[in-house]
Amino acid sequence: MRIQITVNGETRSHDVEPRTLLVHHLRDSMGLNGTNVGCDTSSCGACTVLLDGLSVKSCTVLAVQADGCEVVTIEGLESAEGFHPLQEAFRASHALQCGFCTPGMVMASVSLLADEPHPDEARIRRGIEGNLCRCTGYHNIVRAVRAASGPR
Amino acid sequence: MIPAAFAYHRPETVDETVALLSELGDEATVLAGGQSLLPMMKLRLAAPEAVIDIGRVPDLRFVREGKGHLVIGALTRHHDLERDPLVGKRCPLLGEVAKKVGDPQIRHRGTFGGTLAHGDPAADLPAVAVALDATIVVVGPQGRREIPASALYRSYFETSIAADELIVEVRIPFTEGAGGYEKFTRQAQDWATVGVLAARCGGTIRVALVSMGHTTLRAGAVELALAGGASIDEAAALAAVGTAPVEDLRAGVEYREHLCRVLTRRALEAASA
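If you read the sequences in order, they're chains A and B. The numbering of the first sequence is my numbering, which starts it at 29 and goes up by one. The numbering of the second sequence is my numbering, which starts it at 7 and goes up by one.
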């Protein structure tokens with residue numbers, strides 16, 4: 029089936045098999061391998077991307093479901109001015125150890141802050157509930173999200 | 007993991023969907039948000055020959071006010087229920103339960119009609135429909151039909167919705183009184199080991215149980231005891247009466263029964279606050 033998706037601002041068409049998952053389409057057809065496949069069972073959140081502005085697990089969305097939609101991946105966050113504030117905050121707060129969960133953590137946090145610009149710590153923890161860090165580096169991740177959200 | 011191959015259909019109207027369901031019968035499954043269906047297809051626990059994606063059918067994602075009830079479109083997402091002001095005013099418990107479903111990513115995709123039709127006894131939102139005596143409106147080849155929530159579930163993943171019928175909307179009586187949903191999980195974003203919902207509706211208290219049997223259940227013994235003047239402690243002690251919890255990776259039968267009594271007490275306290 030022919031689908032057209034706007035990924036990180038660029039609209040591209042592809043023929044996909046209907047059973048193709050969005051994450052595989054992004055990685056294999058579009059060459060955007062910043063989005064990781066972790067658990068592959070909708071638990072870990074490593075594959076989190078924005079679909080029409082909201083975080084989704086791209087291992088649990090068919091590429092055909094994203095037809096006509098806008099997707100933002102970790103590669104789409106950086107702008108001409110440099111890192112996205114959350115990327116910068118993750119760097120400054122040392123919010124990554126092995127780094128595998130990081131793209132998903134950042135995308136989930138982008139969605140959280142778009143929804144709620146100044147969450148308290150409890151809200152941040154609930155907001156990234158769908159993302160697992162195997163290194164258990166949660167404290168610094170939460171600090172990074174707080175830092176990026178800025179003062180109220 | 008990748009689902010088995012299937013024929014993909016993307017109807018643009020309810021009528022077209024029903025025509026496809028009639029034609030394809032049991033071979034087809036309806037895809038709404040896909041947050042339960044797609045993981046099952048990836049694990050090959052489900053391998054439908056045809057998938058009917060209703061995600062583009064217009065006019066199924068709404069919340070509006072009817073006479074004494076909310077009308078909620080089948081494609082309304084959990085995330086919509088969390089933040090909808092009408093839900094917040096007319097049935098705040100529905101919004102509170104929606105907040106406890108899965109995790110944010112799942113709530114951004116999962117739909118109210120989808121979770122009701124899926125028939126998983128561990129799902130959260132069916133407890134609201136069952137406790138509050140919601141009405142599920144389906145459309146089939148013969149037109150519209152209403153199914154009371156009490157008659158929706160037959161067994162695990164089995165509902166009284168026919169293979170050629172589609173949920174289009176759900177009516178939930180206004181329930182503005184206090185209520186509580188107590189969900190016990192082993193970890194964040196897990197399915198409920200046990201969940202208990204209590205809601206004050208007019209002069210009565212309704213209680214629904216999650217993961218305590220083959221379907222979402224009403225705690226009839228608790229409701230009856232309360233109506234007869236029993237205290238919260240006395241009523242909660244009866245919470246596991248008539249249930250049939252299973253032993254699985256999350257918990258054994260006795261532990262589930264124990265959780266059910268404890269969570270019922272907490273939910274009743276919240277509903278009495």
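The beta-carbon is built from N, C-alpha and C at its ideal position, and this holds for glycine as well.
Residue from R162(A), R30(A) and I102(A) whose Cα sits closest to the Cα of G59(A): I102(A)
What residue ranges within the segment 97-173 of chain A form continuous beta strand (DSSP E) runs of no fewer than 3 residues, ordered along the chain? 98-100
Environment of Q148(B) [buried if 16+ CB atoms lie within 10 Å]: exposed
Proximal chain A residues relative to Y14(B), where beta-carbon distance stays under 7 Å: M29, P46 and V92
What whole-angstrom Cβ distance do H53(A) and A91(A) have, given they're in contact under 8 Å? 4 Å
Closer than 8 Å to chain B by CB, L60(A): no
Mind reading off the beta-carbon distance from E175(B) to G31(B)? Whole number of angstroms is fine, and I expect it under 8 Å. 24 Å between Cβ atoms; not a contact.
Selection from K189(B), V200(B), D109(B) and R272(B) that minimises the alpha carbon distance to C72(A): D109(B)
Close Cβ partners of P284(B) (< 7 Å) along its chain, the five nearest in sequence each way excluded: Limits of chain B in this structure are 7 at one end and 279 at the other, which puts residue 284(B) out of reach.
Counting pairs of Cβ atoms below 8 Å between the segment 43-51 of chain B and the segment 62-71 of chain A, do you hit three or more? yes
P91(B) - DSSP class collapsed to helix/strand/coil: helix
What does a CB cutoff of less than 6 Å around R151(B) pick up in its chain, not counting 5 residues either side in sequence? V144
Could you check what DSSP says for T34(A) in three-state terms: helix, strand or coil? strand
Taking all protein chains shown into account, decide if D95(A) is buried (16 or more other Cβ within 10 angstroms of its Cβ) or exposed. buried
Residue range of the alpha helix (DSSP H) that R271(B) falls in? V259 to S278
Within a Cβ cutoff of 7 Å, which residues of the same chain sit near L43(B), ignoring the five residues on either side of it in sequence? T35, L37 and A52
Whole-number beta carbon distance between L138(B) and P179(B), since they are thought to touch under 8 Å: 6 Å
Short CB-CB distance (under 8 Å) between P17(B) and chain A: no
Specify the secondary structure class of K48(B) as computed by DSSP and reduced to three states. helix
Would S139(A) count as contacting chain B if we go by Cβ distances under 8 Å? yes
Cutoff 8 Å: D32(B) Cβ touching any chain A Cβ: no
Let me check one thing: in DSSP terms, what residues is T280(B) bridge-paired to? This structure does not reach residue 280(B), given that chain B is present from 7 up to 279, and the question cannot be answered.
Under the three-state reduction of DSSP, which class applies to S166(B): helix, strand or coil? coil
Does any residue of chain A bring its CB to less than 8 Å from the CB of L26(B)? no
Which value, in whole angstroms, describes the spacing of the CA atoms of V218(A) and Q111(B)? Because chain A is modelled from 29 through 180, residue 218(A) falls outside the range shown and cannot be assessed.
Check whether the segment 203-212 of chain B and the segment 255-266 of chain B are in contact - that is, three or more C-beta pairs closer than 8 Å. no
The alpha helix (DSSP H) that contains S83(A), what's its start and end? Segment L82 to K85 is the beta strand (DSSP E) holding S83(A); no alpha helix (DSSP H) there.
Taking A142(A) as the reference, which of E149(A), G110(A), S177(A) and N159(A) has the closest Cα? S177(A)
Can you tell me the Cα-Cα spacing of R55(A) and T63(A), whole angstroms? 7 Å
Taking just the CA atoms, how far does S28(B) sit from A11(B)? 21 Å
Per-residue DSSP class, three states only, for A123(B): helix
Cβ closer than 7 Å: which chain B residues qualify as neighbours of L49(A)? I8
Residues sharing a beta bridge with R160(B), DSSP: Looking at the DSSP assignment, R160(B) forms no beta bridge with any residue, so it has no partner.
Name, going along the chain, the residues of the segment 56-74 of chain B whose beta-carbon falls closer than 8 Å to a beta-carbon of chain A. V57, D59 and G61
From A273(B) to G185(B), what does the alpha carbon distance come to, in whole angstroms? 7 Å
Would you check if the distance between the CB atom of V51(A) and the CB atom of I31(A) is smaller than 8 Å? no
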